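Here is the structure we will look at, set down as structure tokens.
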Amino acid sequence: MQTSLSSALIPGRFYLRCLVCLLLCLSSACAFADDHDDLIFAVRFDQVNKVNDLVKRGLSVNATESTRGETLLMIALREKSKKVFHYLLDHKDIKLEARAANGDTILMLASYLDNLPFVKAVIEHGAEINQVGWCALHYAAAGGNKNIVALLLENSAYIDAESPNKTTPLMMAARSGKHLIVNLLLEEGADPSLKNDLGLTALDFAIEVEQREIAAVLKERMQAVKK
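Set out below in structure tokens:
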């Protein structure tokens, strides 16, 4: 038979167990947060052995940082952490199409940051060249690296890819004043007559930013298309 004293102690024991469980959970969460911070730090400073150790302990190679939602691979790219970048790229669980908070993929970011070796590596590992909306070719065209633009085109990048507002890579190159890229895109068959949602062509962009040489080239090409 339970005494009144033992009955009174049961709720106390229950709450004590709950408190212990809560403290254990909080301790585990803090440890995980510390490991995650250590992982981000190791990626930033190209500490590939440390990254490998943390991954073996259960952290994800697709973990993200909180500010921009960028993956470890994107952080390694930004910081030029070459050893970590290739370690992550070669990992069987890496997700090349993971997106940052702004929608960028690793290929888009590598193109934007004008990093040809990393662009090549990502493509060789099977990254999708074409995306719905903004894509790597838009960024490469704006950045002005002819080799990156050529590489994307060689790998079947859609030359007249449209952003959500129907801006094309040719428009991006014209607006950014990238004469060599405008010429390359035109040579490869880009359509200068296309308009975005505001009704603007690549020529309109060139005129707006006072890129007279680019405007002249686009005007000549548009006239030739009309004939």
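Just so we're aligned: the sequence shown equals residues -33 to -1, 1 to 194 in mature numbering (1 follows the signal peptide of the UniProt record, and there is no 0). Positions of the beta carbon are idealized from the N, C-alpha and C atoms, including for glycine. None of these values were measured; they are calculated from a predicted model.
| request: Could you spell out the range, first to last residue, of the alpha helix (DSSP H) harbouring Phe172? | output: In the DSSP assignment, Phe172 falls within the unbroken alpha helix (DSSP H) covering 169 to 175.
| Out of curiosity, what's the CA-to-CA distance linking Lys23 and Ile148? | 44 Å
| query | Is the distance from the Cβ of Ala109 to the Cβ of Met75 below 8 Å? | reply | no
| request: Per DSSP, which residues does Thr31 bridge with? Please list them. | output: Thr38
| task | Could you check if Glu154 is buried or exposed, using at least 16 other CB atoms within 10 Å of its CB as the buried criterion? | result | Around the C-beta of Glu154, fewer than 16 other C-beta atoms lie within 10 Å, and the residue is accordingly described as exposed.
| Beta carbon of Ile73 nearer than 8 Å to that of Asn122 | no
| Whole-Å CB distance - Ile42 paired with Arg11, under 8 Å assumed | 6 Å
| said: Distance cutoff 8 Å, beta carbons only. Does Lys47 sit that close to anything in chain B? | reply: No chain B is part of this structure, which consists of one protein chain only.
| field | Minimum length 4: unbroken alpha helix (DSSP H) runs contained in the segment 67 to 106 | value | 73 to 79, 83 to 91
| said: Quick check: the Cα distance between residue 224 and Ala157, rounded to an integer number of angstroms? | reply: Because the chain here runs from -33 to 194, residue 224 falls outside it and cannot be looked at.
| field | DSSP state of Glu64 mapped onto helix, strand, coil | value | coil
| Thinking C-alpha only, which one of Ser143, Ile115, Ser27 is nearest Asp60? | Ser27
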